[in-house]
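Enquirer: Numbering (this note's numbering), first residue to last: 1063 to 1321. Every residue gets a Cβ at the ideal spot worked out from N, C-alpha and C, and that includes glycine. Note that this is a predicted model, so its numbers are computed, not measured. Dumping the structure here so I can ask a few things about it.
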């Protein structure tokens, strides 16, 4: 049967029709940026243990369980958490000045111990993380990590969790001003990667991380098995899924990407 020209055109069989370029993505995915909490459970698996060591060093009979520590995370500042625990245990309730001094001493001791505790805690990367990072690296999507801790332990911890050569930049507290504004770590990571905020996707492990990513202009994905509606881990997630989440977030005009 002879195909009429009209039918041939409708079938898309002309060479100039088949070679037409597809629609251009206005926000191509150029980078994925993780905060440290998105890599592993560094709060309960690291910070909590460092606080327990600080309590012991001061002769206090306090030990935070994982469940108790997660409840205290509702308080935004670690000093508030320590003060709340000391009050609940009847420590220094007679003098707010003494309570404040003890809180400062405990937090300072915890900060000194944190690096050794983190690197000795044998933290496990969240399920599927290494596979996702490897897939991003292979696909030419840049990978960055933002950590609120000191460089001396954040960089070794990232290598311990992910391996060498897959992460292009690691931003730590040592790279930022002491009173850096919200989102400064993400902004610096993007600058070092040479990627604009609207061409990147953030993975964070806490609400604070999501707010930091949003302040830097990045759509974010929350990864926290303790939070309803968040991703529990990265199992099965690949760069194609990241591109879909990234595109969907901008199509909605939102700053967060549903998992």
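Spell out whether any CB of chain B is found under 8 angstroms from the CB atom of residue 1148.
Expert: In the structure shown, chain B cannot be found, because there is only a single protein chain.
Enquirer: Short of 7 angstroms in beta carbon distance, which residues of its chain neighbour residue 1115, apart from the five on each side in sequence? Order them along the chain.
Expert: The sequence position of residue 1115 within the chain shown is 53, counting from 1. Excluding positions up to five away in sequence, the list reads 1175, 1179.
Enquirer: Using 8 angstroms as the Cβ pair cut-off and three pairs as the minimum, do the segment 1131 to 1151 and the segment 1102 to 1109 touch?
Expert: Touching, yes, given that three or more Cβ pairs across the two stretches are closer than 8 angstroms.
Enquirer: For residue 1230, I'd like the list of residues in its chain whose CB is within less than 7 angstroms of its CB, leaving aside the five on either flank, ordered along the chain.
Expert: The residue you call residue 1230 lines up with position 168 of the chain shown. Here the set comprises 1204, 1205, 1206, 1255.
Enquirer: Measuring CB to CB, does residue 1280 end up less than 8 angstroms from residue 1264?
Expert: Sequence index remark: in the chain shown, residue 1280 carries index 218 (1-based). Sequence index remark: in the chain shown, residue 1264 carries index 202 (1-based). Yes, the Cβ-Cβ distance between residue 1280 and residue 1264 is below 8 angstroms.
Enquirer: Applying the 10 Å Cβ sphere with the 16-neighbour rule, what's the burial state of residue 1120?
Expert: Numbered from its first residue, the chain shown carries residue 1120 at position 58. Looking at its Cβ environment, which holds fewer than 16 other Cβ atoms inside 10 Å, residue 1120 is exposed.
Enquirer: Across the segment 1266 to 1277 and the segment 1097 to 1107, are there enough close Cβ pairs to call them in contact, namely three or more that are closer than 8 angstroms?
Expert: The segment 1266 to 1277, when compared against the segment 1097 to 1107, does touch it at the 8 angstroms Cβ threshold.
Enquirer: With H, G and I counted as helix, E and B as strand and the rest as coil, what does DSSP make of residue 1139?
Expert: The residue given as residue 1139 occupies position 77 in the chain shown. Of the three classes helix, strand and coil, the one that applies to residue 1139 here is coil, per DSSP.
Enquirer: Quick one: Cα of residue 1166 to Cα of residue 1303, how far?
Expert: For the purposes of this step, residue 1166 is taken as residue 104 along the chain shown, with counting starting at 1. For the purposes of this step, residue 1303 is taken as residue 241 along the chain shown, with counting starting at 1. The alpha-carbon atoms of residue 1166 and residue 1303 are separated by roughly 44 angstroms.
Enquirer: Are the CB atoms of residue 1177 and residue 1217 nearer to each other than 8 angstroms?
Expert: Residue mapping note: residue 1177 aligns to position 115 of the chain shown, counting from 1. Residue mapping note: residue 1217 aligns to position 155 of the chain shown, counting from 1. Result no, Cβ atoms of residue 1177 and residue 1217 do not sit closer than 8 angstroms.
Enquirer: Rounded to whole angstroms, what's the CA-CA distance from residue 1220 to residue 1284? Just pull it up for me.
Expert: Stepping through the chain shown from its first residue, residue 1220 is reached at position 158. Stepping through the chain shown from its first residue, residue 1284 is reached at position 222. Straight-line Cα distance between these residues: approximately 19 angstroms.
Enquirer: Reducing DSSP to helix, strand and coil, say where residue 1292 ends up.
Expert: Walking along the chain shown from the start, residue 1292 turns up at place 230. Here residue 1292 sits in coil by DSSP.
Enquirer: Under DSSP, the beta strand (DSSP E) around residue 1262 begins and ends at which residues?
Expert: On the chain shown, position 200 is the one that residue 1262 refers to. It spans 1262 to 1266 - the beta strand (DSSP E) in which residue 1262 sits, taken as one unbroken run.
Enquirer: Between the Cα of residue 1195 and the Cα atoms of 1309, 1313, 1310, 1093, which residue gives the shortest distance?
Expert: Indexing the chain shown from 1 puts residue 1195 at position 133. Minimum Cα distance to residue 1195 is reached at 1093.
Enquirer: Report the residue ranges of all beta strand (DSSP E) runs contained in full by the segment 1169 to 1251; include only those spanning at least 3 residues, in chain order.
Expert: Runs found: 1204 to 1208, 1231 to 1233.
Enquirer: Could you check what DSSP says for residue 1099 in three-state terms: helix, strand or coil?
Expert: The sequence position of residue 1099 within the chain shown is 37, counting from 1. Of the three classes helix, strand and coil, the one that applies to residue 1099 here is helix, per DSSP.
Enquirer: Out of curiosity, what's the CA-to-CA distance linking residue 1190 and residue 1163?
Expert: Translated into the one-based positions of the chain shown, residue 1190 becomes position 128. Translated into the one-based positions of the chain shown, residue 1163 becomes position 101. Between residue 1190 and residue 1163, the C-alpha separation is close to 43 angstroms.
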